[in-house]
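Residue numbers for the sequence shown follow the numbering used here, so the first one is 228 and each next one is one higher. Here's the structure, in structure tokens; my notes come after.
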Amino acid sequence: MSESHFVTLIQDLPSGAAREFVVAGRIIAVFCVDGQVYALDGVCPHQGGPLGKGELNGCIVTCPWHQWQFDVRTGESQFTAAVCHETIPVVQDGDRISVVLDSSNGGEASR
């Protein structure tokens, strides 16, 4: 069963921003690119760096620990096609931004 979790207001997430939130025990990275909001699992698959604290350049986030890069729209690695990071569905209702997690399997993102 999917469950929506409020994370922030749109005015607190300006274009070009990257933020980190703990949602249902998971770290979620939320990004705003040209007014569109995206979310990824907040833990870099390389060595666990905090993607929500990374640098966002266009739609590419760079992990602050070892500079791995991911497209925030798709989760695709910019270094290897073998790695695709988990994207998290985002819902915007007025000025409220929420992420959608599947509560039936420990908070994994909906697919």
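No residue lacks a Cβ here, since even glycine has one placed at the ideal position from N, Cα and C. Since the structure is predicted, the reported quantities are computational estimates derived from the model, not experimental observations.
Cβ of residue i less than 7 Å from any chain D Cβ?
i, result
"Gly321", "No chain D is part of this structure, which consists of one protein chain only."
Per DSSP, which residues does residue i bridge with? Please list them.
i, result
"Val317", "Val326"
Any idea what DSSP makes of residue i, helix, strand or coil?
i, result
"Asp261", "coil"
"Gln238", "helix"
Using a Cβ-based criterion (distance less than 6 Å to any ligand heavy atom), does residue i qualify as near the ligand ATP?
i, result
"Asp320", "In the structure shown, the ligand ATP is absent, as is every other ligand, since no ligand is present at all."
Once the 5 residues before and after residue i are set aside, which same chain residues still bring their CB inside 7 Å of it?
i, result
"Glu247", "Ile254, Ala256, Gly269, Pro277, Gly279, Lys280"
Short of 8 Å in beta carbon distance, which residues of its chain neighbour residue i, apart from the five on each side in sequence? Order them along the chain.
i, result
"Gln274", "Trp292, His293"
"Val249", "Ile255"
"Glu230", "Ala251, Val327, Leu328, Asp329, Ser330"
"Ile287", "Gln296, Phe297, Asp298, Val299, Gln305"
Contact check, residue i vs residue j under 8 Å by CB: the rounded distance?
i, j, result
"Phe233", "Arg300", "That belief does not hold up - the Cβ atoms of Phe233 and Arg300 are roughly 22 Å apart, past 8 Å."
"Val260", "Gly285", "7 Å"
Which same chain residues, not among the five before or five after residue i, have their C-beta less than 6 Å away from its C-beta?
i, result
"Tyr265", "Phe258, Val299, Arg300"
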